[in-house]
Amino acid sequence: MSTENWVPDACTLPTAEQPLRVAEFDDLFATSLRAVVRTDSALELRLDAAAEETARALTARETDCCSFFTFTFSPSHNGEILLTATVPPTRSTVLDALATRATAALS
Numbered sequence: 001m002s003t004e005n006w007v008p009d010a011c012t013l014p015t016a017e018q019p020l021r022v023a024e025f026d027d028l029f030a031t032s033l034r035a036v037v038r039t040d041s042a043l044e045l046r047l048d049a050a051a052e053e054t055a056r057a058l059t060a061r062e063t064d065c066c067s068f069f070t071f072t073f074s075p076s077h078n079g080e081i082l083l084t085a086t087v088p089p090t091r092s093t094v095l096d097a098l099a100t101r102a103t104a105a106l107s
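Written out as structure tokens, the structure reads:
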């Protein structure tokens, strides 16, 4: 799986809709992302708090089609929220690719 096509085979989202979902994540990152931290077991994304509703809706839809994702939200600081994404170890490449896309948006 490349970072350009990070959608896993286990995704139940129709193929035609997958690029749209990737674009939704890209838009969230481009407009609201403040910081990215990739740990061994998680991806931590600091987002502008104004994007919380959008991020919650997007991650809920993502969990519907890729049930191996777990997304949690917690307050951060300075008007930000922390979105933490985790996956089973067998799906770590998906998290790596998502981290790469997020990091690229900060550049």
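Sequential numbering from 1 applies to the sequence shown in UniProt numbering.
We treat Cβ as the ideally placed atom computed from N, Cα and C, and that holds for glycine.
This structure is a prediction, so every number in the text was calculated from the model and none was measured.
Which value, in whole angstroms, describes the spacing of the CA atoms of residue 88 and residue 44? 15 Å
Please state whether DSSP places residue 1 in a helix, a strand or coil. Because residue 1 carries a pLDDT of 37, less than 50, the predicted location of this residue cannot be relied on, and the following value inherits that uncertainty. Here residue 1 sits in coil by DSSP.
Relative to the alpha-carbon of residue 73, which residue among 97, 65, 83 has its alpha-carbon at the smallest distance? 83
Taking Cβ to Cβ, would you say residue 13 is nearer than 8 Å to residue 21? yes
Should residue 106 be labelled buried (16 or more other beta-carbon atoms within 10 Å of its own) or exposed? exposed
Do residue 38 and residue 47 have their C-beta atoms closer together than 8 Å? no
When DSSP labels each residue in this structure, what does residue 39 get in the three-state scheme? coil
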